[in-house]
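J.: Here it is, the structure, as structure tokens.
In our numbering, the protein residues as written are 7 to 231.
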């Protein structure tokens with residue numbers, strides 16, 4: 007059973023989140039502030055952390071930075087700070103996803119499960135499929151389906167999408183996308199990357215999804231709300 011550390015200074019929030027996670031089949035531990043979170047992480051060795059930002063003793067951003075020095079465990083921010091700049095900062099310091107309050111407990115559990123599916127895919131060298139939200143990618147045949155509907159992508163578009171899908175919720179800069187989408191150390195301009203992303207978005211919208219977000223001044227991320 008995978009273990010999730012829930013960190014929030016609001017005892018009611020912790021109760022709601024812990025109850026939803028236990029119903030979802032997870033083992034749960036909790037902490038009421040940033041310093042306790044670091045101690046509990048060392049003690050319990052959780053597989054994933056749900057982390058509030060505005061907390062006493064040490065805020066969630068500082069906790070995230072400290073955790074990233076010792077672990078690659080997924081970190082999901084759960085915060086009342088809902089401005090774009092706050093979401094970007096949370097992802098840039100090492101968060102893997104960012105959910106704003108008020109939130110749906112069912113969505114939160116689904117986001118946690120999505121993070122573990124990503125880990126399982128990346129840790130399995132023989133994995134042939136990548137699944138994020140309604141998106142299913144066959145890594146061998148380079149076929150992409152959304153809710154069963156096939157999308158015809160070029161090899162470059164597939165490379166861009168699979169690079170984003172391997173790190174859902176993470177903001178990737180254009181260099182990271184270029185390295186994932188092109189072989190042979192090929193160098194292309196930012197304008198070329200943006201053009202490919204624009205065409206990829208158009209194809210995804212044709213089947214009713216629009217998961218690629220532009221983070222201005224940084225890059226792109228894949229997120230299904």
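Each residue gets a CB set at the ideal place from its N, CA and C atoms; glycine is no exception.
Could you tell me the distance, in whole angstroms, from the CA atom of residue 186 to the CA atom of residue 43?
T.: Cα-Cα distance, rounded: 35 Å.
J.: For my contact list, residue 99 and residue 67 are in at a C-beta cut-off of 8 Å; report their separation, rounded to the angstrom.
T.: Confirmed, about 5 Å.
J.: Relative to the C-alpha of residue 38, which candidate in 11, 179, 116, 114 has its C-alpha closest?
T.: Of 11, 179, 116, 114, the residue nearest in Cα terms is 11.
J.: Any idea what DSSP makes of residue 44, helix, strand or coil?
T.: If DSSP states are grouped into helix, strand and coil, residue 44 belongs with the helices.
J.: Find out if the Cβ-Cβ distance for the pair residue 55, residue 80 is shorter than 9 Å.
T.: Cβ distance < 9 Å, so residue 55 and residue 80 count as in contact.
J.: Per DSSP, what are the beta-bridge partners of residue 3 in this structure?
T.: Because the chain here runs from 7 to 231, residue 3 falls outside it and cannot be looked at.
J.: Look at the Cβ atom of residue 141, then the Cβ atom of residue 203, and state whether they are nearer than 9 Å.
T.: Cβ distance not < 9 Å, so residue 141 and residue 203 don't count as in contact.
J.: Determine, using beta carbons only, whether residue 136 and residue 168 come nearer to each other than 9 Å.
T.: In contact: residue 136 and residue 168 (Cβ atoms closer than 9 Å).
J.: Name the DSSP bridge partner or partners of residue 34?
T.: Paired residue(s): 10.
J.: Which two residues bound the contiguous alpha helix (DSSP H) that contains residue 159?
T.: Here residue 159 belongs to no alpha helix (DSSP H), and DSSP marks it neither H nor E.
J.: Could I get the ranges of all uninterrupted alpha helix (DSSP H) runs contained in the stretch 133 to 187, with 4 residues as the minimum, in chain order?
T.: For the stretch 133 to 187, whole alpha helix (DSSP H) runs of length 4 or above, ordered along the chain, are 161 to 171, 180 to 187.
J.: If I'm right that residue 221 touches residue 177 with Cβ under 8 Å, what's the distance once you round it to whole angstroms?
T.: Right, their Cβ atoms sit about 5 Å apart.
J.: If residue 183 and residue 226 are in contact, beta carbons under 8 Å, what's the gap, nearest whole angstrom?
T.: About 7 Å; that satisfies the 8 Å criterion.
J.: What does residue 225 pair with, by DSSP beta-bridge criteria?
T.: Partner(s): 221.
J.: Among 196, 121, 104, which one has its Cα closest to the Cα of residue 9?
T.: Considering only alpha carbons, the answer is 121.
J.: Around the Cβ of residue 108, are there at least 16 other Cβ atoms within 10 angstroms (buried) or fewer (exposed)?
T.: Residue 108 should be labelled exposed.
J.: The alpha helix (DSSP H) with residue 208 in it runs from where to where?
T.: Start and end: 196 to 212.
J.: If we ignore side chains and look at the alpha-carbon of each, how far apart do residue 174 and residue 148 end up?
T.: Distance between the alpha carbons of residue 174 and residue 148 is about 19 Å.
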